[in-house]
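Have a look at the structure below, then the notes.
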Amino acid sequence: MTTPTKVTIRLATLTDLPAIQSLYAETGLDDGIPLPLAAAEDMFRRFESYPFYKLWVADDGAAIVGTYALLVMDNIAHEAKPLAVIEQVAVGTRVQGAGVGTRMMHHAREVAAAKGCYKLMLSSNVKRTKAHDFYDKLGFTRHGYSFLVEFDRADADEQR
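Numbered according to numbering that gives the first Met the number 0, the sequence shown spans residues 0 to 159.
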């Protein structure tokens, strides 16, 4: 484990995508098979059409060492307070355990609170027990059940 001296959490840019894609592959997100770069660039541009869907990076000055996405959604229930969802969390293997993930999750909490969200949530694959322990230590609580219907990737691509 290498401890980064200083990590800045900032909004990702289009030029960060190759590094982000490498993190996804390194950490096994999407079974280690990220989108082709051109498709990722198209999706990144599409994020701009959402009221608040942001991709963030943890930058240690020399490299992108972590990333996460945060979606803030408006809500009719809960006194019309929005809710936030964390997705696509990845921390480079050489800095896991060095506080990068903690910094990113604290940042997500700060952003969600500043947006007036009534809750911040995430889901994690049942097999990722180390990640579950990490989220427990950060004060996330296991709440309810997560249900899912998976679609074939090719079918999803056709729907776009």
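Ideal Cβ placement from N, Cα and C applies to all residues, glycine included.
Subject >> Leu-22 burial status per 10 Å Cβ neighbour count (16 or more: buried) >> reply: Residue numbering aside, residue 22 sits at position 23 when the sequence shown is read from its first letter. Buried is the call here.
Original post:
Just how far apart, CA to CA, sit Ser-122 and Tyr-67?
Top reply: By one-based count along the sequence shown, residue 122 stands at place 123. By one-based count along the sequence shown, residue 67 stands at place 68. Roughly 13 Å between the two C-alpha positions.
**OP:** Check whether the segment 86-99 touches the segment 16-32, taking contact to mean three or more Cβ pairs, one atom from each stretch, closer than 8 Å.
**Re:** In short, these stretches touch, since the Cβ pair count reaches three.
**OP:** Could you tell me whether the segment 32-41 touches the segment 94-104, using the rule of 3 or more Cβ pairs below 8 Å?
**Re:** Under the Cβ criterion (8 Å, minimum of three pairs), the segment 32-41 does not count as touching the segment 94-104.
Original post:
Can you tell me the Cα-Cα spacing of Phe-51 and Val-84, whole angstroms?
Top reply: Position 52 of the sequence shown, counted from the first residue, corresponds to residue 51. Position 85 of the sequence shown, counted from the first residue, corresponds to residue 84. Each residue's alpha carbon lies about 11 Å from the other.
Original post:
DSSP on Ile-19, reduced to helix/strand/coil?
Top reply: Here residue 19 is taken as the residue at index 20 of the sequence shown, counted from 1. Helix.
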